[in-house]
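Undergrad:
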Amino acid sequence: MNLGLTHSKIYFQEWKFILATIVNNYNHFVTSPWLVVKKLWNNNVFNDDTYNYQAASSKIKKFLKSSKKGINKNNVTCIDYFNGDLNLLLARLRKSNLERINYSSVLRINKKGLKTLDKIMSLKTPNPGKIFIVHDFPKPYDSVMPWDLMFASSKDHKEYGIKEGIYLHIYRQFPLFWEFLLLHEYVHHAIRSNMKKTKATGYKWIEEGLADWFALNAHYKLFRDWDFLVFVKNMYYIYEKVFPRSPLAEYAQYGKVITRIYLQGGHQAVGNILKAYLLNPDSKKWNDLYKDVINEKKSSYDQYRPLHLKTNFDRFLITLHEKADTINVPTLEYKILKILQRKHNHINKNYGLSQVKASVGDIKKAISNLMNLGFIIDHQKKYILNDSTIYLLRSNSIRPI
Ligand SMILES: [Zn+2]
Numbered sequence: 006m007n008l009g010l011t012h013s014k015i016y017f018q019e020w021k022f023i024l025a026t027i028v029n030n031y032n033h034f035v036t037s038p039w040l041v042v043k044k045l046w047n048n049n050v051f052n053d054d055t056y057n058y059q060a061a062s063s064k065i066k067k068f069l070k071s072s073k074k075g076i077n078k079n080n081v082t083c084i085d086y087f088n089g090d091l092n093l094l095l096a097r098l099r100k101s102n103l104e105r106i107n108y109s110s111v112l113r114i115n116k117k118g119l120k121t122l123d124k125i126m127s128l129k130t131p132n133p134g135k136i137f138i139v140h141d142f143p144k145p146y147d148s149v150m151p152w153d154l155m156f157a158s159s160k161d162h163k164e165y166g167i168k169e170g171i172y173l174h175i176y177r178q179f180p181l182f183w184e185f186l187l188l189h190e191y192v193h194h195a196i197r198s199n200m201k202k203t204k205a206t207g208y209k210w211i212e213e214g215l216a217d218w219f220a221l222n223a224h225y226k227l228f229r230d231w232d233f234l235v236f237v238k239n240m241y242y243i244y245e246k247v248f249p250r251s252p253l254a255e256y257a258q259y260g261k262v263i264t265r266i267y268l269q270g271g272h273q274a275v276g277n278i279l280k281a282y283l284l285n286p287d288s289k290k291w292n293d294l295y296k297d298v299i300n301e302k303k304s305s306y307d308q309y310r311p312l313h314l315k316t317n318f319d320r321f322l323i324t325l326h327e328k329a330d331t332i333n334v335p336t337l338e339y340k341i342l343k344i345l346q347r348k349h350n351h352i353n354k355n356y357g358l359s360q361v362k363a364s365v366g367d368i369k370k371a372i373s374n375l376m377n378l379g380f381i382i383d384h385q386k387k388y389i390l391n392d393s394t395i396y397l398l399r400s401n402s403i404r405p406i
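Residues 6 to 406 in our numbering are what the sequence shown spells out, letter by letter.
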């Protein structure tokens with residue numbers, strides 16, 4: 006296969022590098038990895054084009070300094086836990102070994118990726134063209150595409166004169182995740198070049214869902230990397246929690262629909278859906294299928310035999326639907342949250358917390374920490390639980406230490 010690699014190095018974007026490090030150390034945080042992500046994101050801590058350890062660690066140290074102000078030494082608060090988590094992040098960044106992107110893995114995916122996908126999808130897909138590593142995407146996608154990579158089809162070639170192939174943006178790469186995204190783009194290419202109707206619009210949910218589904222399958226076949234599957238799962242989880250309106254959160258949802266279909270009917274069910282979709286991509290039945298699966302009405306996909314979970318990959322899929330994440334907060338903060346929950350999610354500032362057994366100073370501190378971490382909102386004469394906190398309390402995802 007012909008490669009158009011024109012640069013000797015691909016860079017990781019600072020924010021994505023930090024995010025990947027947090028996700029890679031998912032179980033080591035005391036508060037919660039997604040809370041750390043949310044705080045860093047909301048405060049715009051990481052925004053440089055490319056990751057550099059020195060710059061990133063000095064930003065974290067500065068952030069730590071600013072959040073340490075006014076801490077009561079006799080009273081451990083959730084800010085202390087949070088700061089502990091930032092120190093952990095610093096330590097992990099120092100030892101981070103996420104730098105897996107290199108030519109050999111690009112070559113490997115380019116060489117074997119499509120072959121593996123064709124095997125899983127029972128398709129014969131033409132060569133997708135070169136891989137280009139570019140400083141910017143070709144026009145007209147240069148200003149509109151915030152993506153890490155894009156695929157230019159023969160249609161793009163005809164319309165805009167863009168050479169067919171995969172374009173990797175040199176400054177936007179995502180440690181570990183990029184390999185999965187590259188395979189994801191290959192699935193799009195495979196679907197589009199095997200579709201009978203070239204002018205079909207198709208359904209976004211099914212194409213993105215299948216792209217993620219087959220990419221994850223192919224990645225596991227290529228690398229047998231269990232940790233990577235967990236990495237993708239946790240990355241999606243964080244996106245759904247912190248950036249619920251982002252495309253990745255949306256794709257996570259689509260991927261789960263395909264997973265449910267698989268768990269119901271195995272490879273055969275997903276394979277049949279792919280085959281039917283290639284023949285009839287604009288049929289209204291794809292809309293109905295989505296609704297049926299979401300509403301757990303199995304009528305349109307339960308015609309297949311139930312699946313016996315045999316492989317590690319199958320077992321992984323079961324855990325994809327778990328919601329195991331919890332946030333630990335100190336007892337005083339927890340009590341305050343529970344009082345708010347009992348009082349229909351809001352209390353009067355002046356007397357709402359009179360029943361809490363703690364000093365006025367400690368309660369004040371606890372309230373300010375809860376606001377600082379986004380659990381509650383200060384609104385005129387009231388403290389109000391924010392929507393995500395209500396959900397977390399309802400699902401018992403917040404626990405006292
Ligand atoms: Zn896609």
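We put the beta carbon where it would ideally sit given N, CA and C, even for glycine.
1. Which residue wins for smallest C-alpha separation from isoleucine 403, given the options Lys340, Asp367, Pro145, Val262?
2. Quick one: what's glutamine 178 bridged to in DSSP?
3. How would you label isoleucine 114, buried or exposed, when you count the other beta carbons within 10 angstroms and need 16 or more for buried?
4. Alpha carbon to alpha carbon, how far is phenylalanine 233 from phenylalanine 185? Give it in angstroms, no decimals.
5. Starting from the C-beta of aspartate 161, find all residues in its chain whose C-beta is less than 6 Å away, skip the five residues before and the five after it, and write them out in chain order.
6. Compare the Cα-Cα distances from leucine 375 to each of Phe87, Met200, Trp46 and report the closest residue.
7. Based on the DSSP secondary-structure assignment, which residues constitute the bridge partners of histidine 224?
8. What first and last residue would you give for the beta strand (DSSP E) that runs through tyrosine 388?
9. Tell me proline 286's beta-bridge partners as DSSP assigns them.
10. For the putative contact between leucine 398 and glutamine 346, defined by C-beta atoms under 8 Å, what is the C-beta separation to the nearest angstrom?
11. Alpha carbons only, please: which of Trp210, Gly270, Gln258, Trp231 is nearest the one belonging to lysine 289?
12. Can you list the residues near ligand 1, meaning Cβ strictly closer than 6 Å to any non-hydrogen atom, in the order they appear in the chain?
13. How long is the line joining the alpha carbons of asparagine 102 and isoleucine 15, rounded to whole angstroms?
14. Going straight from the alpha carbon of lysine 387 to that of valine 361, what length do you get?
15. For leucine 337, collect the residues of the same chain with a Cβ closer than 6 Å to its Cβ; drop the 5 residues on either side in sequence, then sort them by chain order.
16. In three-state terms, what does DSSP make of glycine 170?
17. State buried or exposed for glutamine 178, treating a residue as buried only when at least 16 other CB atoms are found within 10 Å of its CB.
18. Give me the residue from Leu358, Phe142, Thr121, Ala205 with the minimum Cα distance to tyrosine 225.
19. I think alanine 220 touches leucine 188, with their Cβ atoms under 8 Å apart; what is that distance to the nearest whole Å?
20. For valine 407, which three-state DSSP category applies?
21. When DSSP labels each residue in this structure, what does proline 252 get in the three-state scheme?
22. For isoleucine 27 versus valine 41, is the C-beta distance shorter than 7 Å?
23. Please determine if the segment 64–72 and the segment 275–290 are in contact, where contact requires at least 3 C-beta pairs separated by less than 8 Å.
TA: Here's the rundown:
1. Looking up residue 403 in the sequence shown gives position 398. Of the listed residues, the one whose Cα sits closest to isoleucine 403 is Lys340.
2. Along the sequence shown, read from residue 1 onward, the residue named residue 178 stands at position 173. Beta-bridge pairing links glutamine 178 to Phe17.
3. Residue numbering aside, residue 114 sits at position 109 when the sequence shown is read from its first letter. When all chains shown are included, isoleucine 114 counts as buried.
4. In the sequence shown, counting from the first residue as 1, residue 185 sits at position 180. In the sequence shown, counting from the first residue as 1, residue 233 sits at position 228. About 9 Å.
5. The residue you call residue 161 lines up with position 156 of the sequence shown. Sequence-distant Cβ neighbours of aspartate 161 in its own chain, meaning closer than 6 Å and more than five residues away, are Ile167.
6. Locating residue 375 in the sequence shown gives position 370, where the first residue counts as 1. Of Phe87, Met200, Trp46, the residue nearest in Cα terms is Phe87.
7. The residue given as residue 224 occupies position 219 in the sequence shown. Answer is none; histidine 224 lacks a bridge partner.
8. For the purposes of this step, residue 388 is taken as the residue at position 383 of the sequence shown. Counting along the chain, tyrosine 388 sits inside the beta strand (DSSP E) bounded by residues 387–390.
9. On the sequence shown, residue 286 is found 281 positions in, with the first residue counted as 1. Per DSSP, none; premise fails for proline 286.
10. Looking up residue 398 in the sequence shown gives position 393. Looking up residue 346 in the sequence shown gives position 341. Glutamine 346 and leucine 398 do touch by the CB rule: their CB atoms are close to 5 Å apart, below 8 Å.
11. Position 284 of the sequence shown, counted from the start, is the residue given in the question as residue 289. Nearest option by C-alpha distance: Trp210.
12. Listed by chain position, these are His189, His193, Glu213, Ala216.
13. The residue labelled residue 102 in the question sits at position 97 within the sequence shown. The residue labelled residue 15 in the question sits at position 10 within the sequence shown. Cα-Cα distance, rounded: 16 Å.
14. As a working note, residue 387 is residue 382 in the sequence shown. As a working note, residue 361 is residue 356 in the sequence shown. Each residue's alpha carbon lies about 17 Å from the other.
15. Here the question's residue 337 lines up with position 332 in the sequence shown. The beta carbon of leucine 337 sits closer than 6 Å to those of Ala363, Ala371, all from its chain and outside the five residues before and after it, given in chain order.
16. Position 165 of the sequence shown, counted from the first residue, corresponds to residue 170. DSSP places glycine 170 in strand when its eight states are reduced to three.
17. Counting from 1 along the sequence shown, the entry for residue 178 is found at position 173. Under this definition glutamine 178 is a buried residue.
18. Against the sequence shown, residue 225 aligns to sequence position 220. In terms of CA proximity to tyrosine 225, Thr121 leads the group Leu358, Phe142, Thr121, Ala205.
19. The residue you call residue 220 lines up with position 215 of the sequence shown. The residue you call residue 188 lines up with position 183 of the sequence shown. For a cut-off of 8 Å, the C-beta gap from alanine 220 to leucine 188 is around 4 Å, short enough to register as a contact.
20. Limits of the chain in this structure are 6 at one end and 406 at the other, which puts residue 407 out of reach.
21. Position 247 of the sequence shown, counting from 1, holds the residue named residue 252. Here proline 252 sits in helix by DSSP.
22. For the purposes of this step, residue 27 is identified with residue 22 of the sequence shown, where counting begins at 1. For the purposes of this step, residue 41 is identified with residue 36 of the sequence shown, where counting begins at 1. Contact flag set, yes.
23. The answer is no - the segment 275–290 does not touch the segment 64–72, with fewer than three Cβ pairs under 8 Å.
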